[in-house]
Amino acid sequence: MTALSALLLRDMRLAVRVGGGALMGVLFFLIVVTLVPFAVGPDLAQLRRIGPAILWLGALLASLLTLDRLLAADHEDGSLDLILMGGTPLELAVLAKAVAHWVASCLPLVVATPLLGLFLNLEPLAIGAVALTLLAGTPALTCIGLIGAALSVALRRGGLLLPVLVLPLTVPVLIFGVAASNAAVAGPMSFGAPFLILCALSLGSLVLGPFAAAAALRHGLE
Amino acid sequence: MALVGPNGSGKSSLLRLIAGLLRPSAGWIELQGGDAERSVPEQAHYLGHLDALKPSLTVAENLRFWTRYLGEQTAALDEPLAATGLGGLADLPAAYLSAGQRRRLSLARLIAVPRPIWLLDEPTSALDAGGQGRLADLMREHLATGGMLIAATHGPLGIDAGELRLGGAA
Amino acid sequence: MALIDLANPTRFLALAARVLPWLAAATALAFAAGLYLVWFTTPDDYQQGATVKIMFIHVPNAWLAMGVWTVMSIASIGTLVWRHPLADVAAKSAAPLGAAFTFLALVTGSLWGRPMWGTYWVWDARLTSVLVLLLMYLGVIALWRTVDDPSRAGRAAAILTLVGAVNLPVIKFSVDWWNTLHQPASVLRAGGPAIHPAILTPLLVMAIAFVLLFVTLHLAAMRNEILRRRVRSMWLMQAHAAQGA
Numbered sequence: 001m002t003a004l005s006a007l008l009l010r011d012m013r014l015a016v017r018v019g020g021g022a023l024m025g026v027l028f029f030l031i032v033v034t035l036v037p038f039a040v041g042p043d044l045a046q047l048r049r050i051g052p053a054i055l056w057l058g059a060l061l062a063s064l065l066t067l068d069r070l071l072a073a074d075h076e077d078g079s080l081d082l083i084l085m086g087g088t089p090l091e092l093a094v095l096a097k098a099v100a101h102w103v104a105s106c107l108p109l110v111v112a113t114p115l116l117g118l119f120l121n122l123e124p125l126a127i128g129a130v131a132l133t134l135l136a137g138t139p140a141l142t143c144i145g146l147i148g149a150a151l152s153v154a155l156r157r158g159g160l161l162l163p164v165l166v167l168p169l170t171v172p173v174l175i176f177g178v179a180a181s182n183a184a185v186a187g188p189m190s191f192g193a194p195f196l197i198l199c200a201l202s203l204g205s206l207v208l209g210p211f212a213a214a215a216a217l218r219h220g221l222e
Numbered sequence: 223m224a225l226v227g228p229n230g231s232g233k234s235s236l237l238r239l240i241a242g243l244l245r246p247s248a249g250w251i252e253l254q255g256g257d258a259e260r261s262v263p264e265q266a267h268y269l270g271h272l273d274a275l276k277p278s279l280t281v282a283e284n285l286r287f288w289t290r291y292l293g294e295q296t297a298a299l300d301e302p303l304a305a306t307g308l309g310g311l312a313d314l315p316a317a318y319l320s321a322g323q324r325r326r327l328s329l330a331r332l333i334a335v336p337r338p339i340w341l342l343d344e345p346t347s348a349l350d351a352g353g354q355g356r357l358a359d360l361m362r363e364h365l366a367t368g369g370m371l372i373a374a375t376h377g378p379l380g381i382d383a384g385e386l387r388l389g390g391a392a
Numbered sequence: 393m394a395l396i397d398l399a400n401p402t403r404f405l406a407l408a409a410r411v412l413p414w415l416a417a418a419t420a421l422a423f424a425a426g427l428y429l430v431w432f433t434t435p436d437d438y439q440q441g442a443t444v445k446i447m448f449i450h451v452p453n454a455w456l457a458m459g460v461w462t463v464m465s466i467a468s469i470g471t472l473v474w475r476h477p478l479a480d481v482a483a484k485s486a487a488p489l490g491a492a493f494t495f496l497a498l499v500t501g502s503l504w505g506r507p508m509w510g511t512y513w514v515w516d517a518r519l520t521s522v523l524v525l526l527l528m529y530l531g532v533i534a535l536w537r538t539v540d541d542p543s544r545a546g547r548a549a550a551i552l553t554l555v556g557a558v559n560l561p562v563i564k565f566s567v568d569w570w571n572t573l574h575q576p577a578s579v580l581r582a583g584g585p586a587i588h589p590a591i592l593t594p595l596l597v598m599a600i601a602f603v604l605l606f607v608t609l610h611l612a613a614m615r616n617e618i619l620r621r622r623v624r625s626m627w628l629m630q631a632h633a634a635q636g637a
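Chains as they are written, first to last, in this note's numbering: chain A, 1 to 222; chain B, 223 to 392; chain C, 393 to 637.
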C-alpha cells in the first residue's frame with residue numbers, strides 16, 4: 001500500500017511541477033472548444049444543440065494529450081525497470097499511475113466543463129449532465145489510454161501511435177457519454193440507461209486496462 | 223564478483239536477466255540461501271545506466287519515493303545522503319545535479335533500502351576519484367554484512383572481487 | 393534615466409524598492425478618484441440602468457489586454473535584438489498580468505452582456521478576438537512554465553510573442569470577417585453614440601488607475617522574478633560547491 005501511495009503521490013507531484021502537463025490538457029480543451037464555432041458558425045441555437053458533443057470530443061482529445069508520457073517518461077529514465085523489480089504487482093502499479101493521471105489531467109477537464117458550457121450557451125441542466133457524464137466516463141478513457149501507452153512503450157514507438165491505437169477503442173464511451181448528456185436535455189430516451197452503460201464501461205476498463213497494460217509491458221521486456 | 227569483458231559480450235544482459243528485466247530463453251535463475259518467499263528481483267538492487275530520477279523533484283523527494291516504493295516505510299534519508307556525499311543538497315531539485323551527483327543519488331537508494339543482492343552496471347562511470355573511493359567503501363561494507371554483489375565493469379572496482387570474464391579471446 | 397542604467401539587476405531592485413510605495417499610493421488614489429466619479433457623478437443609462445457602470449471596469453481592462461501584449465512585444469525585441477538582461481524578466485512577468493486583464497475584460501464583458509443578450513456569451517467579433525488573445529497569453533505562460541532554464545525559455549517566448557504580435561491584426565480581421573459572414577447585424581455596434589464628457593472623464597481616470605495598477609504590479613513581479621532567478625543560481629552554485637567536496 002505504501003508503495004502504491006508513494007507512486008500515486010509522486011506522479012501527481014510531477015504533474016504540477018515544471019514541465020508537468022496538469023493544466024496543459026485544460027488549455028487544449030479550451031482551444032478545441034473555441035475553434036469549433038469558427039468552423040460551424042456563431043449561431044447560438046446550433047451551438048447549444050451540438051454543445052454536449054463538442055465538449056465530449058474536446059475532453060476526449062485533451063485526455064489523450066498527456067497520456068503518451070504516462071509510461072514513456074518512466075521508461076526513458078529507467079524508473080520503469082525499478083517499478084517492475086519492486087515487489088508491487090505491476091497491475092496495481094500501472095493502476096496507481098492511471099489514477100494519478102486521471103486526478104491530475106482529467107479531473108481539471110471536468111471542472112472546466114461548466115465554464116466552457118457557458119461559451120456554448122448550454123442550459124444549466126445540460127452543463128450538469130455533461131460534467132456528470134465526463135466525470136463518469138473519463139476513467140474509461142484513461143484506462144483505455146493506459147493500454148495504448150503500455151503498447152507504445154513496449155514497441156518503443158511513441159507519438160502518433162498512441163492515438164491511432166486508442167481512439168477507435170473509445171468509440172463506445174463517446175457514444176454513451178454524448179447520448180446520456182443529450183438525453184438529459186432533449187430526450188426522448190431516459191438519462192439513466194445510457195449513463196449506467198457509461199458507468200459500466202468505466203468500471204470494466206478499470207479492470208481490463210491495468211491487466212492489459214501490465215501484460216503489454218511484460219511482453220515488451222523480451 | 224566483477225563481470226568483465228569487451229563491449230557487447232553480454233555483461234549488461236546478464237545483469238538484466240538476474241534482475242528479471244529480460245526473460246531467459248532457456249534455463250532459470252536460482253538464489254541459494256535467500257528469502258524463499260520473495261523472488262530474486264525483489265531481493266536485488268539494480269543500478270543501470272539510467273538514474274531513474276525525476277529532474278523536477280528534489281533530491282530528498284526522489285530518494286523518499288524510491289525507498290517507499292521499494293518497501294522501506296520510514297527510512298531515514300540523512301544517512302544515505304551523507305554517505306554518498308549529498309548531505310546538504312536534499313532540497314535541491316535533481317535537475318541541478320551534475321552527472322556524478324545523479325549517480326551518487328542512485329547509489330543512496332541502495333543504502334537506504336537494504337537488499338542482499340546488488341546488481342551494478344558500470345557503477346564507477348561518471349564518478350570522480352573521491353566518489354569511486356566512497357563507492358568502494360560502500361561495496362566493502364555491503365559485502366561485510368553478508369551481501370552479494372555483481373558488477374559489470376571495465377575499470378578496477380577498488381575492492382577484492384572474483385572475476386567472471388565473458389566473451390572475447392581471453 | 394537611460395535603459396542601460398537598469399541593466400544591472402541590483403540597481404533595478406534598488407530603484408523598484410524606492411518607486412514601488414509611491415506607485416502603489418498613486419494607484420490607490422487614482423482608483424479612489426475614479427470609483428468616486430463612477431458611482432456619484434455618472435448618470436445611469438436610460439436603457440441599461442446601472443449595468444452601464446460595468447463599462448468603467450471593462451473598457452480599461454480591454455485596453456490593457458492589448459497594451460500588455462505591446463509591452464511584451466517591445467520587451468521581446470529587447471531580448472532578441474539588444475539582449476537587454478532585464479527584457480525577458482519584463483516579458484515573463486507581464487504575461488500573467490496580461491492574461492489576468494484579458495480574463496477580467498472577458499468576465500466583465502459577459503456580465504455586461506448578460507442583461508443585453510440574455511446569455512453570458514455570444515460569439516461576437518470583439519469578444520471572440522479577446523478570447524483568442526487570452527488563449528495566446530495562456531500559450532506564452534505555458535511555454536515559460538515548460539522550460540526550466542530562463543534564458544532558453546526567454547528567447548523561445550520572445551519569438552512566440554513577436555509572431556503573436558504580427559498575427560493579432562490578422563486574427564482580428566479574420567474574426568471580424570467570420571462574424572459578419574454569419575451575423576450581418578452585430579449586437580455591439582462599434583460606432584454607437586458619441587461619448588458624453590460626463591462619461592468620458594471617469595472612464596479616462598479609471599483607465600489611468602488601471603495603467604498605474606499594471607505598472608505597480610509589473611515592477612513588483614519583475615522584482616520577484618529577479619529574486620527567484622538569484623535563488624536558482626544560488627542552488628546551482630550550491631550543487632557546484634558540493635561537487636568539489
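Don't be surprised by glycine CBs; every beta carbon is placed ideally from N, CA and C.
Output the distance between the C-alpha atoms of leucine 47/A and leucine 523/C, rounded to the nearest integer angstrom. For the purposes of this step, residue 47/A is taken as the residue at position 47 of the first sequence. For the purposes of this step, residue 523/C is taken as the residue at position 131 of the third sequence. Going from the Cα of leucine 47/A to the Cα of leucine 523/C covers about 17 Å.
By the 10 Å Cβ neighbour count, where 16 or more other Cβ atoms means buried, how is glutamate 283/B classified, buried or exposed? Translated into positions along the second sequence, residue 283/B becomes position 61. Glutamate 283/B should be labelled buried.
Is threonine 306/B helix, strand or coil when you go by DSSP? Walking along the second sequence from the start, residue 306/B turns up at place 84. Of the three classes helix, strand and coil, the one that applies to threonine 306/B here is coil, per DSSP.
Quick one: complete alpha helix (DSSP H) runs, 4+ long, within the stretch 92 to 128 of chain A? 107 to 119
Taking all protein chains shown into account, decide if alanine 500/C is buried (16 or more other Cβ within 10 angstroms of its Cβ) or exposed. Residue mapping note: residue 500/C aligns to position 108 of the third sequence, counting from 1. Note that residue 500/C corresponds to threonine in the displayed sequence, not to alanine. Result: buried.
Nearest chain A C-beta to methionine 481/C closer than 8 Å, yes or no? Position 89 of the third sequence holds residue 481/C. In the sequence as displayed, the identity of residue 481/C is valine instead of methionine. No - not a single Cβ of chain A is within 8 Å of the one on valine 481/C.
Determine whether the beta carbon atoms of leucine 8/A and serine 278/B lie at a separation below 8 Å. Here residue 8/A refers to the residue found at position 8 when the first sequence is read from its first residue. Here residue 278/B refers to the residue found at position 56 when the second sequence is read from its first residue. No.
For aspartate 436/C, count neighbouring C-beta atoms within 10 Å of its own C-beta (all shown protein chains included) and say buried if the count is 16 or more, exposed if not. Here residue 436/C refers to the residue found at position 44 when the third sequence is read from its first residue. Its Cβ having fewer than 16 others within 10 Å, aspartate 436/C is exposed.
Close Cβ partners of leucine 292/B (< 7 Å) along its chain, the five nearest in sequence each way excluded: One-based indexing of the second sequence puts residue 292/B at position 70. Excluding positions up to five away in sequence, the list reads Val335.
In whole angstroms, what separates the C-alpha of valine 231/A from that of alanine 184/A? Residue 231/A cannot be examined here, being either before or after the span of chain A that is shown, 1 to 222.
Helix or strand or just coil, what does DSSP make of methionine 458/C? Counting from one through the third sequence, the residue named residue 458/C turns up at place 66. Helix at methionine 458/C.
Proximity below 8 Å, CB of alanine 136/A to CB of proline 52/A: Your numbering for residue 136/A matches position 136 in the first sequence. Your numbering for residue 52/A matches position 52 in the first sequence. Their beta carbons are not under 8 Å apart, which means alanine 136/A does not touch proline 52/A by this criterion.
State the beta-bridge partners of tyrosine 268/B as determined by DSSP. Translated into the one-based positions of the second sequence, residue 268/B becomes position 46. DSSP, once it has assigned bridges, lists Leu341/B as partnering tyrosine 268/B.
Please classify leucine 30/A: is it buried, with 16 or more other beta-carbons within 10 angstroms of its beta-carbon, or exposed? Your numbering for residue 30/A matches position 30 in the first sequence. Leucine 30/A comes out buried.
Pairwise C-alpha distance: alanine 100/A and methionine 12/A: The sequence position of residue 12/A within the first sequence is 12, counting from 1. The sequence position of residue 100/A within the first sequence is 100, counting from 1. Rounded to whole angstroms, methionine 12/A to alanine 100/A spans 6 Å at the Cα level.
Against chain A: residues of the stretch 550 to 563 of chain C by CB proximity under 8 Å: none
Tell me alanine 333/C's beta-bridge partners as DSSP assigns them. Since the first residue of chain C shown is 393 and the last is 637, residue 333/C is not available in this structure.
Assuming the contact rule is C-beta atoms closer than 8 Å, threonine 133/A and leucine 198/A should be a hit. Round their C-beta distance to whole Å, please. Within the first sequence, residue 133/A is the residue found at index 133, counting from 1. Within the first sequence, residue 198/A is the residue found at index 198, counting from 1. Right, the Cβ-Cβ distance comes to about 6 Å (below 8 Å), so this counts as a contact.
Using the Cα positions of serine 152/A and arginine 290/B, report the straight-line distance between them to the nearest angstrom. Locating residue 152/A in the first sequence gives position 152, counting from the first residue. Locating residue 290/B in the second sequence gives position 68, counting from the first residue. Approximately 28 Å between the Cα atoms of the pair.
In chain order, what residues of the same chain lie with their CB nearer than 6 Å to the CB of glycine 384/B, ignoring the 5 residues before and after it? Counted from its first residue, the second sequence places residue 384/B at position 162. Cβ within range, chain order: Met223.
In angstroms, rounded to a whole number, what distance separates the CA positions of glycine 583/C and tyrosine 529/C? Translated into the one-based positions of the third sequence, residue 583/C becomes position 191. Translated into the one-based positions of the third sequence, residue 529/C becomes position 137. Caution is warranted here: a pLDDT of 49 is assigned to glycine 583/C, below 50, making its placement in the model unreliable, and no coordinate value can be reported.
Between threonine 241/B and chain C, is any beta-carbon pair separated by less than 8 Å? Translated into positions along the second sequence, residue 241/B becomes position 19. Checking the sequence shown, residue 241/B turns out to be alanine, not threonine. Chain C contact via Cβ: absent.
Measuring only the C-alpha atoms, how far is glutamine 254/B from glutamine 630/C? Residue mapping note: residue 254/B aligns to position 32 of the second sequence, counting from 1. Residue mapping note: residue 630/C aligns to position 238 of the third sequence, counting from 1. Near 46 Å, if we compare the C-alpha coordinates of glutamine 630/C and glutamine 254/B.
When the Cα of alanine 149/A is compared with those of Phe119/A, Leu118/A and Ala216/A, which residue comes out closest? For the purposes of this step, residue 149/A is identified with residue 149 of the first sequence, where counting begins at 1. Considering only alpha carbons, the answer is Ala216/A.
Leaving out the 5 sequence neighbours to the left and right, which residues in its chain are closer than 8 Å to serine 328/B when beta-carbon positions are compared? Residue numbering aside, residue 328/B sits at position 106 when the second sequence is read from its first letter. So the list reads Leu269, Asp273, Ala274 and Leu275, once near-sequence residues are dropped.
Which same chain residues end up closer than 7 Å to glutamate 617/C when comparing Cβ atoms and leaving out the 5 residues on each side of it in sequence? In the third sequence, residue 617/C corresponds to position 225, counting from 1. Excluding residues within five positions, the ones whose Cβ falls inside 7 Å are Val481, Lys484 and Ser485.
Leucine 385/B, DSSP secondary structure in three states: If you number the second sequence from 1, residue 385/B lands on position 163. For the sequence presented, residue 385/B should be read as glutamate rather than leucine. Three-state DSSP puts glutamate 385/B in a strand.
Which chain A residues sit within Cβ distance under 7 Å of leucine 478/C? Taking the third sequence and counting its residues from 1, the one referred to as residue 478/C is at position 86. Chain A residues near leucine 478/C: none, gap ~22 Å exceeds 7 Å.
Alpha-carbon to alpha-carbon, leucine 155/A and leucine 169/A: On the first sequence, position 169 is the one that residue 169/A refers to. On the first sequence, position 155 is the one that residue 155/A refers to. Between leucine 169/A and leucine 155/A, the C-alpha separation is close to 19 Å.
Any C-beta of chain C under 8 Å from that of serine 261/B: Locating residue 261/B in the second sequence gives position 39, where the first residue counts as 1. Not one chain C Cβ lies under 8 Å of serine 261/B.
What number of angstroms, rounded off, separates the C-alpha of valine 223/A from the C-alpha of isoleucine 469/C? Chain A is shown only over 1 to 222; residue 223/A falls outside these bounds and no answer can be derived.
Can you name, in chain order, every residue of its own chain whose Cβ lies under 8 Å from the Cβ of threonine 113/A, other than the five neighbours on each side? Counting from one through the first sequence, the residue named residue 113/A turns up at place 113. Closer than 8 Å at Cβ, skipping near neighbours: Leu55, Ala59, Ile127, Val130, Ala131 and Leu134.
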